[in-house]
Amino acid sequence: DKTRMERLVLDDAAFVRPSPTSGTLGGVARATREAMSVLEAAGFDIVLVETVGVGQSEVAVANMVDCFVVLMLARTGDSLQGIKKGVLELADIIAVNKADGDGAQEAAKAARELREALHLVTSPEAVWQPTAVTCSGLTGDGVAELWEQVQRHRSVLETEGLIATRRAQQRVDWMWSMVRDRVLRWATSSPAVAEISTDIEQGVRQGTVPAAAGADRIVRAVEQISR
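Per the numbering used here, the sequence shown starts with residue 12, numbered consecutively.
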């Protein structure tokens, strides 16, 4: 949220570009990846991508960055219950924020629990063991340590030649993501699909039409269009 980045937006060395999701699957704006490429070409050596933090957005962003950092709070109940398993498996680093004042001890406890949990999941990269750290956006405590972990992660991947490998796979995944998005938009905008989709959706809601059967009918309609 650019309106909350009061100091950053005034920094001459920084450029902040809000990207509305525009209905894109995963909650990530379709132009995000292209914007990242433009910024890199313009000479920005650090590009930060912030997600809306819901649904599949974390997964989508994890597949377009070199280092995936998950920011969470310790004050939302049990720290392990408050984080999705899929996100835990994708995270390179977890940062427990608001580690200040009365929340410092709770944040430290949450970070310890998360570090233990991270040892039980498969890391995205075999050469890197994901970790959890604490920080405070209010006081700035721990931010330098968090950035040090980000730099360590990049150094390890560069040493092993995995930055280029990761980016190459991300480009392929992004291609198929665009194919799925475009095919879905094309199919749902078809009059033939629109003609049957309302009745099918109603049947699925009421339980009279199994979801798989409804999907089959729509796919058959799409196949008829493409012939």
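Beta carbons are placed, not taken as given, at the ideal position from N, Cα and C, and that holds for glycine.
DSSP, read as helix, strand or coil, puts Met186 in helix.
For Ala102, no beta strand (DSSP E) run applies, since DSSP gives it neither H nor E.
Note on geometry: alpha-carbon atoms of Ala73 and Thr176 lie some 15 Å from one another. As the crow flies, the alpha-carbon of Phe26 is around 36 Å from that of Val132. Separation of Val190 and Trp197 (C-alpha to C-alpha, rounded to the nearest whole angstrom) is 10 Å.
Gly218 is not a Cβ neighbour of Gly225, given a cutoff of 9 Å. Only residues of its own chain outside the window of five on either side were considered, and among them Ala40, Ala42, Thr43 and Ala46 have a CB closer than 7 Å to the CB of Ser30, listed in chain order. Thr133: not part of any beta strand (DSSP E); DSSP gives it neither H nor E. For Met47, the uninterrupted alpha helix (DSSP H) segment begins and ends at Thr43 to Ala52. Out of Leu173, Ile236 and Ala223, the CA that lies nearest to the CA of Ala203 is found in Ile236. Looking at Ile211, Ala102, Ala24 and Phe79, the one whose alpha-carbon comes closest to that of Ala53 is Ala24.
DSSP places Leu149 in the coil class of the three-state scheme, outside both helix and strand. With 16 or more other Cβ atoms from the protein chains shown falling within 10 Å of its own Cβ, Val81 counts as buried.
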